[in-house]
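S.K.: Got a structure for you, questions after.
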Amino acid sequence: MVDRHAPASGQHGYRAIADGLRSQIDSGELAPGSKVPGENELMALHGVEQPTARRALEVLKNEGLIIARRGSGTYVREFRPIRRVSPDRLKAAVWGNGRSIWSADLDVRPHVGRTVVTVEAPSSLIADVLGLDEGEQVVTRRRRFLVDDKPVQLATSYYPEKLVQGSAIMAEDTGEGGSYARLKDLGYEPVRFREELRTRMPRESEREELELAQGTPVVLIIRTAYTADDQPVEVNEMTLDSAAYILEYKFTAQG
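Numbering (UniProt numbering), first residue to last: 1 to 255.
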């Protein structure tokens with residue numbers, strides 16, 4: 001807890017105040033979900049003006065350590081991660097048995113808050129990855145996934161229209177096993193995957209859709225699925241709330 005008997009001192013700058021609060025968060029003195037001293041309390045504790053106290057809190061907000069709740073105060077961010085395990089989640093033993101690949105991450109399937117399916121011209125990047133000729137189109141599936149009513153991921157999948165036209169992949173609900181099971185039904189079973197990861201700060205539309213707290217970056221994952229003869233059949237662009245995930249990868253020393 002904050003030492004409420006600490007002497008006030010005008011010598012404390014905003015960085016020193018932020019460093020002290022960060023140390024308390026890292027040590028567990030200020031536990032996840034606990035309330036952080038507000039501007040008035042920091043002013044009294046450290047003998048500083050309001051702009052200094054406010055700036056100290058802004059530093060921690062931008063680092064993603066604390067979040068403000070309107071009308072309630074500022075709290076230490078609670079981290080209850082979804083453990084995304086690769087490559088376990090992509091094994092045919094999961095989706096091939098009618099299960100969602102999310103079942104490798106969670107006990108329950110997340111709620112899909114929105115699914116939009118369109119047929120459109122692909123970007124040059126998507127067309128290149130899928131090996132499409134000029135003028136060929138893609139079936140695009142855009143989804144937003146929620147866990148406990150909190151958005152955690154945006155996903156946009158692209159499929160060559162000529163492969164999936166008229167199939168359940170063009171429906172809002174693709175059925176048991178999801179789109180990979182439907183690709184297998186069509187004779188295009190995914191057997192190899194490639195994922196690229198990077199992080200950045202969110203675009204404004206992403207921040208709104210994922211309901212991100214200030215200072216929270218996103219993780220971008222682009223996955224390409226290939227058949228046994230190396231035909232690309234899907235590109236999936238995923239945007240993850242970094243505060244909601246731990247990304248776990250399993251490897252062997254062979255192969």
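Note that the Cβ used here is the ideal one computed from N, Cα and C, for glycine as well.
Are the CB atoms of residue 139 and residue 164 nearer to each other than 8 angstroms?
M.R.: The answer is yes: Cβ separation under 8 angstroms.
S.K.: Any heavy atom of the ligand ATP closer than 7 angstroms to the Cβ of residue 76?
M.R.: For the structure depicted, the ligand ATP is absent and the ligand set is empty, with no information on it obtainable.
S.K.: Just to confirm the assignment, what range does the alpha helix (DSSP H) spanning residue 206 have?
M.R.: Here the alpha helix (DSSP H) through residue 206 covers 204 to 210.
S.K.: Does DSSP put residue 188 in a helix, a strand or coil?
M.R.: Looking at residue 188 - three-state DSSP - the assignment turns out to be coil, as it is neither helix nor strand.
S.K.: Residue 195 to residue 221, Cα distance in whole Å?
M.R.: Cα-Cα distance, rounded: 6 angstroms.
S.K.: Keeping to the same chain, check which residues put their C-beta closer than 6 angstroms to that of residue 210; ignore five residues upstream and five downstream.
M.R.: Cβ within range, chain order: 151 and 241.
S.K.: If we count the other Cβ atoms within 10 Å of its Cβ and call it buried at 16 or more, is residue 201 buried or exposed?
M.R.: Residue 201 comes out exposed.
S.K.: To the nearest angstrom, how far is it from the Cα of residue 54 to the Cα of residue 157?
M.R.: Going from the Cα of residue 54 to the Cα of residue 157 covers about 42 angstroms.
S.K.: Per DSSP, which one or two residues make a beta bridge with residue 75?
M.R.: BP columns for residue 75 point to 35 and 67.
S.K.: Mapping DSSP to helix, strand and coil, what is residue 248?
M.R.: Reduced to three states, the DSSP call for residue 248 is strand.
S.K.: Have a look at 180, 187 and 199 and flag the residue whose alpha-carbon is nearest the alpha-carbon of residue 193.
M.R.: Comparing Cα positions, the closest option is 180.
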